[in-house]
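In our numbering, the protein residues as written are 8 to 576.
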């Protein structure tokens with residue numbers, strides 16, 4: 008079996024200007040060389056011994072702190088509670104000579120003892136260690152501090168007090184108060200450690216810490232980390248505000264470049280992107296921290312919204328979809344840590360893609376659209392030309408549709424073109440029918456339109472018009488009438504109806520011919536009407552064109568009358 012290799016702990020460099028005494032080394036237990044298990048008598052002896060060779064006043068205060076049960080609690084909690092005297096001595100040596108080795112004791116000593124040691128180690132670590140190493144120290148401290156339990160700490164303290172002869176601590180609230188004091192001390196230790204680093208390294212450290220402890224904003228960080236970010240915000244806020252204002256000025260410059268074309272606009276946006284990415288590097292740990300807390304970074308949101316408004320302005324007001332799309336992609340990348348905005352930007356991107364596709368389709372179908380528009384203008388001026396205009400349109404449009412299909416253009420463009428053609432043919436049929444009453448030609452146009460139509464609305468409109476035209480054909484090209492003709496005669500001269508053809512069961516109507524009569528004899532036909540007869544009265548529904556037979560009858564009658572007049576002259 009292969010022997011297990013021990014993990015090599017690489018000693019971390021202690022800074023040259025490290026303090027002679029760290030926070031934990033100023034503890035009364037260290038100052039007197041006492042342990043948590045020494046009784047009152049031993050503490051007094053140690054204070055007297057140290058007072059002869061050291062600072063007498065400091066030793067006297069240390070003695071008072073350790074022998075007064077109320078003051079002693081603070082000293083115990085800021086020391087190494089739950090750690091044996093022998094190990095406590097070893098840990099102080101490790102702290103000074105090889106702080107990195109303290110990581111090995113993470114699960115071997117109580118959390119508060121580990122946190123107290125890490126807080127002091129931060130005073131010793133060389134400023135030049137990597138951001139990753141700095142972040143690991145801060146994370147260790149935060150996790151240890153987050154796991155401190157008042158009940159467990161009280162138990163550890165009372166175990167040592169039972170040996171040393173001091174009165175047991177019973178007030179859990181007092182323990183909680185001292186723990187809060189330690190948390191504040193840890194916060195100060197982190198703050199002072201970061202203050203020794205340059206701004207860029209501080210940001211790198213804070214970002215690594217926040218990313219790790221929140222799983223990139225998905226979970227809550229330890230309280231100490233939230234406090235660290237709040238301190239970071241105070242230090243970086245004025246810089247972020249100043250740089251944000253400069254970026255906003257860039258938005259205005261982009262709009263000024265619109266008249267010079269897309270290329271210059273995009274180039275200007277790229278400059279903004281560089282500035283924004285640099286800005287976001289400093290803002291990102293704040294964004295992630297706020298996300299983990301269910302909050303938002305107002306300055307980031309404000310800047311993102313202004314840039315989004317720029318994209319909307321370019322797309323809607325200036326029809327510059329590509330620059331708008333570039334901005335949206337930048338925003339989605341830079342401000343991914345803003346959940347509500349990220350969702351909105353995804354929708355924006357989809358909308359821009361749809362608009363771009365619509366614009367592309369519109370460009371493809373523009374030749375057919377122009378043809379249709381010209382036909383609609385022509386039939387508006389001359390409705391009777393609608394049939395011939397439609398025939399010319401059909402020839403050209405079919406050729407263009409065939410070419411679009413051969414060129415492999417997208418189906419949406421071809422479909423849109425077909426519906427445009429169908430709608431125009433339908434309009435031609437309507438104008439032609441209403442102006443000429445030639446419904447058979449209209450029927451052919453509408454049937455052709457139905458062949459090209461694919462969208463539901465156009466198909467529905469064509470079918471409605473087909474029903475009307477078929478009805479008109481059925482009724483023989485009937486026209487509605489404003490008033491019924493006169494049915495009266497005087498001395499056998501006047502007007503009356505003759506005949507009953509084309510009976511319609513649905514309405515109970517038939518077609519009758521309206522004649523001029525002389526001596527009660529029908530002389531010539533004037534018109535035909537669809538009527539409903541009720542005894543000797545008639546209800547007129549519509550006027551029907553004369554048949555060829557009627558026209559011959561009319562012509563012959565007029566010729567006879569003309570001949571009669573000429574002969575009498």
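Virtual Cβ for every residue (Gly too), placed ideally from N, Cα, C. This one's a predicted model, so the numbers in the text were calculated from it and none came from an experiment.
When DSSP reads this structure, residue 504 sits in a beta bridge with 521. Nearest Cα to residue 230 within the set 490, 154, 458 and 98: 154. The residues 425, 428 and 429, in chain order, have a CB closer than 6 Å to that of residue 459 in the same chain once the five nearest residues on each side in sequence are set aside.
The three-state reading of DSSP puts residue 516 in strand, counting E and B together. A buried status is given to residue 130, since no fewer than 16 other beta-carbon atoms sit within 10 Å of its beta-carbon. Secondary structure at residue 28: coil, using DSSP grouped into helix, strand and coil. DSSP, reduced to helix, strand and coil, places residue 223 outside both helices and strands of the structure shown, so it counts as coil.
In the structure shown, residue 106 falls within a helical segment according to DSSP collapsed to helix, strand and coil. Remark: C-beta atoms of residue 383 and residue 403 do not approach each other more closely than 8 Å.
Going by beta carbons, residue 261 and residue 235 fall outside the 8 Å limit. Contact between residue 53 and residue 40 holds, with the beta-carbon distance rounding to 6 Å and staying under 8 Å. Pairing residue 136 with residue 215, the inter-Cα distance amounts to about 14 Å. Following the DSSP letters along the chain, one finds residue 144 inside the alpha helix (DSSP H) bounded by residues 138-153. In the DSSP assignment, residue 186 falls within the alpha helix (DSSP H) that extends over 179-202. Sixteen is the threshold: since fewer than 16 other Cβ atoms of the shown chains lie within 10 Å of the Cβ of residue 249, the residue is exposed. The DSSP-derived three-state label of residue 496 is strand. Taking a C-beta distance under 8 Å as the contact criterion, residue 189 and residue 295 do not qualify as a contact pair. A straight-line Cα-Cα distance of about 50 Å links residue 165 and residue 343. Under the three-state reduction of DSSP output, residue 173 falls in the coil class, being neither helix nor strand. Here the alpha carbon of residue 51 sits roughly 10 Å from the alpha carbon of residue 45. DSSP, read as helix, strand or coil, puts residue 527 in coil. By the neighbour-count criterion, in which 16 or more other beta carbons inside 10 Å mark a residue as buried, residue 318 falls on the buried side. Fully enclosed alpha helix (DSSP H) runs of no fewer than 4 residues are not present anywhere in the region 241-276.
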